[in-house]
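What the sequence shown shows, in my numbering, is residues 14 to 224, in sequence order.
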Amino acid sequence: MNRLKNPHLCDWVGLAFEVKMTTFSYPYTLHDLLCLRQFNEIHGALHTEASDKEIVEWAERQVMQGNDSEAVLILASLNLDKHPNSDEVRMYLDRYLRESGQSLPDAKISALIWLKLQLWNIIQCEDAKKAETVLYDFAIAYLDFPPPFFTRTCRYFNWLYYRLYDDLGGEYQTLASEMSDSALLSCIKSHTTPFYRVLSDNEWLDFLTSE
């Protein structure tokens, strides 16, 4: 299908957007997605946070809000495919960035936004097992990158994971196993929320990237 010449493209995009609204989670901005892309390109991705799906869903929202960029419209149309083509997603996103005079964020802010989104994932968890899964990433990954706040925070959550779940090779009962699921989830979120609040404040972000 030639997406450029499809006269019903806007209608299809709008319908697809309405259907998926009920399952949409984090409201990624373009800046968020560019930060994740930059972080993943520099440091390697633990997951596909800046996935093709999230980029084309951002484009869908832009179309619904009146963005008439051809590149954005084509990006949004890619979500009609079950698995958007990665090369096409990158090509049309890059075209939009050139048209709008935008570039990828720097490494420091990209790392902080990546971290903020991981902490958001923890805060949104509805059960302790899911929260443990997110925390586990801080235990297995080498996350020693600038700015200093990023490294300190990642080390803190590395410590938290082992504090809760390390049984020292089976010699001891874990702290997590002694807590109810609700108490464990509350404990994890109480450790997470203060960091998330800092990373959600633009003035703090400006300060932390200047360290």
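Note that beta-carbon positions come from the ideal geometry of N, C-alpha and C, so glycine has one too.
Query, Result
"Tell me the residue span of the alpha helix (DSSP H) that contains Asn215.", "Asn215 to Thr222"
"May I ask you to report which of helix, strand or coil DSSP gives Met104?", "helix"
"On the three-state DSSP scale, how would you describe Phe37?", "With a pLDDT of only 42 at Phe37, under 50, the local geometry of the prediction cannot be trusted, and the value read off the model is given with reservation. Coil, per DSSP."
"Quick test of your reading: Tyr209 and Leu132, contact by CB under 8 Å. State the CB separation rounded to the nearest angstrom.", "4 Å"
"Quick one: Cα of Ser5 to Cα of Gly183, how far?", "Nothing can be reported for residue 5, as the shown portion of the chain is limited to 14 through 224."
"Compute the Euclidean distance between the alpha carbons of Asp179 and Leu88, then round it to the nearest angstrom.", "44 Å"
"Considering only residues of the same chain and omitting the five flanking positions on each side of Phe158, which have a CB-CB separation below 7 Å?", "His56, Ala124 and Thr164"
"Could you give the distance in angstroms between the alpha-carbon of Lys142 and the alpha-carbon of Ser38?", "19 Å"
"Please report the straight-line C-alpha distance between Gly79 and Arg50, rounded to a whole angstrom.", "25 Å"
"Can you give the Cα-Cα distance for Asp45 and Phe170, rounded to whole angstroms?", "22 Å"
"Between the C-alpha atoms of Asp119 and Gln186, what's the straight-line distance to the nearest angstrom?", "43 Å"
"Looking at Tyr109: is its Cβ nearer than 8 Å to the Cβ of Ala144?", "no"
"Tell me where the alpha helix (DSSP H) around Cys129 begins and ends.", "Cys is not the amino acid found at residue 129; the sequence shown has Lys there. First-last of the alpha helix (DSSP H) with Lys129: Ala120 to Ile136."
"Of all the options Pro97, Asn53 and Phe52, which has the alpha carbon lying nearest to the alpha carbon of Ala72?", "Pro97"
"Taking the alpha helix (DSSP H) that Glu70 belongs to, which residues open and close that run?", "Asp65 to Met77"
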